[in-house]
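The sequence shown begins at 4 in our numbering and counts up by one.
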Amino acid sequence: MSVYQTHTTDVLVIGAGLAGERTAIEAAAYGLGVIILSLVPPRRSHSTAAQGGMQASLGNCAMGYGDNPDIHFEDTVKGSDWGCDQDVARLFANTAPIAVRQMAYWGVPWNRVVAGRKTLPDGREIEDLKEYEGLITARDFGGTAKWRTCYTSDGTGHTLQYTMDSIVIKMGITVHDRMEAIALIHDGENCYGAVARCLRTGQLHAYLARSTVIATGGYGRLYGVSTNAVINEGSGMFLALETGVVPLGNMEAVQFHPTGMVPVGILITEGARGDGGYLLDKNLHRFMPDYEPKKKELASRDVVSRRMIQHIRKGYGVESKWGPHLWLDIRHLGRKHIYTNLREIANICKNFAGIDPARDLIPVRPTQHYSMGGVRTNIDGHAYGLKGLFAVGEAACWDLHGFNRLGGNSLAETIVAGMVVGKKVAEYTLGAALDCPLKLVDEHVKRQENRINDLISGRMGNENVYELRKQMEDTLMEYVGIFRNGPDLQKAVDKLQELYRRSLKLGLRSSGKYANPELASALRLPGMIRLALCIAYGALNRTESRGSHAREDYPYRDDANWLKRTLAYWPPGAELPILKYEPVKITELPPGDRGYGESSAANAAKPETAHDKEGNNG
């Protein structure tokens with residue numbers, strides 16, 4: 004029999020970022036026992052790195068007057084390019100104002116309205132009214148009709164995470180950090196918890212629970228350059244995929260943020276443009292009004308990223324040893340504003356590029372930033388395919404974001420979904436029993452022991468985990484980026500299939516004992532390549548352009564054939580995911596023109612060809 008430590012609880016939450024902790028708090032409020040597993044101490048979660056803000060329709064600031072959940076809902080649906088679940092978008096928009104005020108009650112020091120007249124960088128004059136002074140204010144973000152992004156300067160994620168973690172500590176919720184879930188315990192119908200590996204000792208643990216919640220964040224580190232933290236490798240997604248019965252939704256929907264700093268890829272918040280920053284080309288020409296005269300730098304992220312790449316392709320990029328880039332100019336905002344409202348990016352610019360943004364231009368280029376796809380759930384956060392398994396936050400396809408997420412909606416989603424899903428987790432758990440056969444636990448732990456022993460002994464092969472990972476990252480960057488086409492996507496699928504086969508023959512160069520990073524990487528890599536294949540294969544089969552998924556060979560949104568969500572399953576022994584599709588339900592806002600970017604209205608006049616029909620895989 005395997006030697007391992009067993010922990011039993013009511014609710015197991017895998018991931019200690021904002022979504023995971025908020026879900027845990029809600030479940031614990033119902034008197035349930037909760038254990039949170041985390042790769043790092045909670046305050047080092049990637050949620051802490053979020054800069055810009057959290058959308059909620061409060062309508063307190065001058066440019067937000069008249070805002071309400073209906074307008075927020077419309078912005079979210081249009082931003083998603085009609086790919087989102089409108090029931091979820093409605094629930095989200097209605098709940099966000101409650102969530103942001105609750106976070107204020109718990110201690111988040113939101114920036115507040117200061118009454119008086121102000122002149123915006125573009126010359127417009129506005130006046131914040133005395134009657135709103137002291138209320139939570141907001142800044143402008145891309146794709147929104149009103150200013151509704153609540154913020155704490157440019158450290159919003161930091162203040163939210165620290166506040167949330169303080170509530171976790173106050174409630175006495177158990178957190179096991181440096182603990183990595185490496186497999187779900189299930190029987191094909193029910194989820195009973197997870198097998199985890201201690202990153203300090205290498206010891207295996209079994210966590211048994213009536214409900215299990217995946218809250219592990221995104222998969223940004225599948226790409227060679229990403230704004231994501233190094234821990235964002237999609238672990239919760241590939242754990243769910245490996246069950247063979249839980250699908251991932253819309254994995255081809257990958258967001259590139261317009262302003263990743265060159266060459267490191269660290270995020271320069273959308274708040275910099277929301278506060279009045281400009282994008283400039285090599286001639287110091289502000290080019291975005293040429294493409295987007297209405298929204299300029301504040302069209303949705305997918306649109307701005309594409310416009311930037313189009314401009315670079317025309318020869319207007321700034322040449323550097325790291326490739327062509329563009330400039331972000333915030334100098335005109337003034338030193339006081341930059342070192343008050345944008346102080347974190349000022350420090351990032353100094354520490355990573357040696358520049359002062361109050362004096363110097365910031366080199367930027369679109370960089371992988373967010374995963375709209377994830378573990379497919381219903382509106383309650385319950386994962387498809389396994390009872391007792393939930394997912395929340397960026398790890399989930401709830402599906403709030405469809406094919407493009409609006410800035411500020413992700414931080415809001417972590418809090419709102421944590422509230423909503425946490426309540427549903429509690430209700431489910433209170434009516435569930437933990438009836439897990441010990442033999443099943445032994446089998447799952449033994450399977451992981453065998454994987455580890457195979458890697459340490461090298462009996463399966465001698466492939467190098469770091470070499471294969473680098474090739475996976477390069478393949479996604481080169482062939483599955485902002486602009487996509489059939490031949491390149493096929494190259495990506497072919498290469499990733501080869502890498503996946505090789506990843507099943509890994510061997511270690513080290514001993515594999517104790518806190519061994521090579522072993523940890525080797526345990527993750529096959530699952531990461533499966534995710535990469537779900538992204539590339541889903542993109543190859545979706546023969547349209549929608550939101551962040553931009554096919555140069557299918558440049559129009561095709562609502563007649565593709566108003567549906569991709570579901571990727573991975574049966575045991577497969578080398579490619581099986582793709583299925585479910586319709587996107589339209590409840591309130593029928594498909595139309597987004598009001599910015601490449602006009603989807605042009606699609607209405609586009610004749611359907613026989614080739615189109617053949618290419619629309621189901």
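Yeah, the Cβ is synthetic: ideal placement off N, Cα and C, and Gly gets one too.
Contact annotation: the segment 575 to 589 touches the segment 500 to 511, with at least three C-beta pairs closer than 8 angstroms.
DSSP, read as helix, strand or coil, puts Pro45 in helix. For a cut-off of 8 angstroms, the C-beta gap from Met480 to Val367 is around 17 angstroms, too long to register as a contact. According to the DSSP secondary-structure assignment, Val198 is paired through a beta bridge with Ala186 and Ala209. Taking 8 angstroms as the cut-off, the Cβ atoms of Leu301 and Asp157 do not count as close. If one requires a minimum length of 4 residues, the alpha helix (DSSP H) runs lying completely within the segment 216 to 282 are 238 to 244 and 274 to 277, in chain order. For Ala398, there is no enclosing beta strand (DSSP E), as DSSP gives it neither H nor E. Setting aside the 5 residues that flank it on each side, Gly600 is surrounded in the same chain by Ala302 and Val306, each with a C-beta closer than 6 angstroms to its C-beta; the list follows chain order. In this structure, Gly376 sits near Gly252, with a CB-CB distance shorter than 8 angstroms.
Counting along the chain, Ser524 sits inside the alpha helix (DSSP H) bounded by residues Pro520 to Asn544. According to the DSSP assignment, Gln371 belongs to the beta strand (DSSP E) that extends over Ile365 to Ser374. Around the CB of Gln105, fewer than 16 other CB atoms lie within 10 Å, so the residue is classed as exposed. Ranked by how close their Cα comes to the Cα of Ile365, the residues Trp330, Met174, Leu389 and Lys339 have Trp330 in first place.
Taken through DSSP and simplified to helix, strand or coil, Thr12 comes out as strand.
Per DSSP, the continuous alpha helix (DSSP H) segment holding Ile312 begins and ends at Arg304 to His314. A straight-line Cα-Cα distance of about 30 angstroms links Arg276 and Ala19. Distance from the CA of Ile455 to the CA of Leu526, rounded to the nearest whole angstrom, comes to 8 angstroms.
Inter-residue distance for Pro574 and Gly220 is about 23 angstroms (C-alpha atoms, whole angstroms). In this structure, Thr140 and Leu409 do not form a Cβ contact; the two beta carbons are roughly 19 angstroms apart against a cut-off of 8 angstroms. Between the beta-carbon of Thr12 and that of Val37 there is about 6 angstroms, and that keeps the pair under the 8 angstroms contact cut.
A straight-line Cα-Cα distance of about 25 angstroms links Ala32 and Asn193.
Cβ atoms of Leu414 and Gly160 come within 8 angstroms of each other, at about 6 angstroms.
The alpha carbon of Ser48 has as its nearest neighbour, out of Ala65, Glu555, Arg181 and Ala99, the alpha carbon of Arg181. When C-alpha distances from Ser548 are compared across Ala563, Ala535 and Ile129, the shortest belongs to Ala563.
The alpha-carbon of Thr246 is positioned some 34 angstroms away from that of Lys81. Here Phe95 has Leu403 and Val419 as same chain residues with Cβ atoms under 6 angstroms from its own Cβ, once five neighbours each way along the sequence are excluded. Under the three-state reduction of DSSP, Trp109 is assigned to helix. With contacts defined as CB atoms closer than 8 angstroms, Thr162 and Met422 fail to qualify as a contacting pair.
Burial state of Lys427 is buried, judged by a 10 Å Cβ sphere holding 16 or more other Cβ atoms. In this structure, DSSP gives Arg512 a state outside helix and strand, which the three-state scheme calls coil. In the DSSP assignment, Asp180 falls within the beta strand (DSSP E) that extends over Thr177 to Asp180. DSSP places Leu163 inside the alpha helix (DSSP H), whose first and last residues are Thr159 to Met174.
Phe355 sits in a helix when the DSSP states are folded into three classes.
Here Leu433 has Tyr33 and Leu35 as same chain residues with Cβ atoms under 8 angstroms from its own Cβ, once five neighbours each way along the sequence are excluded. For Lys121, there is no enclosing alpha helix (DSSP H); the enclosing beta strand (DSSP E) covers residues Gly119 to Thr122.
In the DSSP annotation of this structure, the continuous segment of the beta strand (DSSP E) that includes Arg379 starts and ends at Gly377 to Arg379.
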